[in-house]
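In the working numbering, the protein residues as written are 25 to 438. Quick reminder that beta carbons are idealized off the backbone N, C-alpha and C, glycines included.
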Ligand SMILES: *Cc1c(COP(=O)(O)O)cnc(C)c1O
């Protein structure tokens, strides 16, 4: 298959491995389990080590199977380079370990994945100051920026309350101030939205979620979109400034983040994720349609107090989400009216499974304050807009009628 630039999203992913030629005509990139890579000529080993020629050295820093997945994610995000990590948190943690130093300041959305919120507390203890702001309005972000602000960090659609960041205007602000803009694209995936289009310099994806899509492998990725000018970033080690500036960030993150902290993605997991990624677009079409139908059903039900889904016109960021995203995502959350016990309701569902993953093929449901957001305490939950009765639904690809019936039966019994 000859290289052609304008294939669609799914065609590109399906045929990407073959562009580089696969051993034995295999249609899948094989799972390479070797930790080390040997060279007939010792001088070649040295030049691979010195980055003078491409090649693999040691599994923690790169692997052919993982590299094939990196290439696919990079195409999905239209990036300059992508690195994979053992988990989504591995990617986020490595970025901050590699790029931040004591005395730096970060502006972060306060509407965050729980473990990212916890990570911010960790870096705060290491001398990095973090300010949390309501990122649905760029003015709050602008007001929090200081001379030592190195990073602005947001999620596209926040989990679990589905607030949508003011993505485009925050991108413009970061560009104007020369600040690195990092967007966690997990909830939208590159099929619904590419953060590069709003000026994000780095994009995070938890591959564990919709990209892998089947709840059978953990993984994370980080893409450098090429939108950020790394010569403006003060924390690049001299050592990594030898290459072209476009490579500085990814080179430092590969060395200081991936290599030194070691959260490397394994080849078996990379294979599972790569196979899952082939159907990302198909699954997203189905889950987004299911999520919208379920959100509408819940909103129309008198036993439901509130529904949060960016595809509902009642959602405060409906307009922004509709303008930026191809569809409104597979995640919704809702609150039942006072007097209805959320555990009783959950226990009446037959299909939706009480479990904590997202972006699975199966619909998963969880009482947020009692589980994933339990550790942070009631005060921080309240500041993030998370009611004690909030229920999060990660909508799967079940047949729509079955899914809707499951929820209406469980509500009827109320
Ligand atoms: C799940 C998730 C992560 C972390 O991914 P893991 O693979 O579980 O470490 C990060 N960000 C968001 C938005 C997530 O939903």
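Rounded to whole angstroms, the separation of the alpha carbons of residue 87 and residue 202 is 34 angstroms. In the three-state DSSP reduction, residue 129 falls in the strand class (E or B). Approximately 13 angstroms separates the beta-carbon atoms of residue 237 and residue 293; this is outside 8 angstroms, ruling out the contact. Taking 7 angstroms as the cut-off, one finds no heavy atom of ligand 1 near enough to the beta carbon of residue 35. Between residue 415 and residue 338, the CB-CB gap reaches or exceeds 8 angstroms.
DSSP places residue 306 in the uninterrupted alpha helix (DSSP H) bounded by 304-323. In this model, residue 387 and residue 399 are separated by some 24 angstroms (Cα to Cα).
When the beta-carbon positions are compared, residue 228 and residue 209 come within less than 8 angstroms of each other. Annotation note: the region 174-201 contains the following uninterrupted alpha helix (DSSP H) runs of length 4 or greater, listed N- to C-terminal: 191-201. One Cα belongs to residue 248, the other to residue 435, and the distance between them is close to 45 angstroms. In the three-state reduction of the DSSP assignment, residue 98 falls in the helix class.
The Cβ atoms of residue 177 and residue 132 lie closer than 8 angstroms to each other. Membership of residue 215 in the alpha helix (DSSP H) is indicated by the continuous run 213-216. In the three-state reduction of the DSSP assignment, residue 106 falls in the strand class, which pools E and B. Taking the C-beta atoms as reference points, residue 285 is found no nearer than 8 angstroms to residue 273.
Residue 291 sits close to residue 90, with the two beta carbons spaced by under 8 angstroms.
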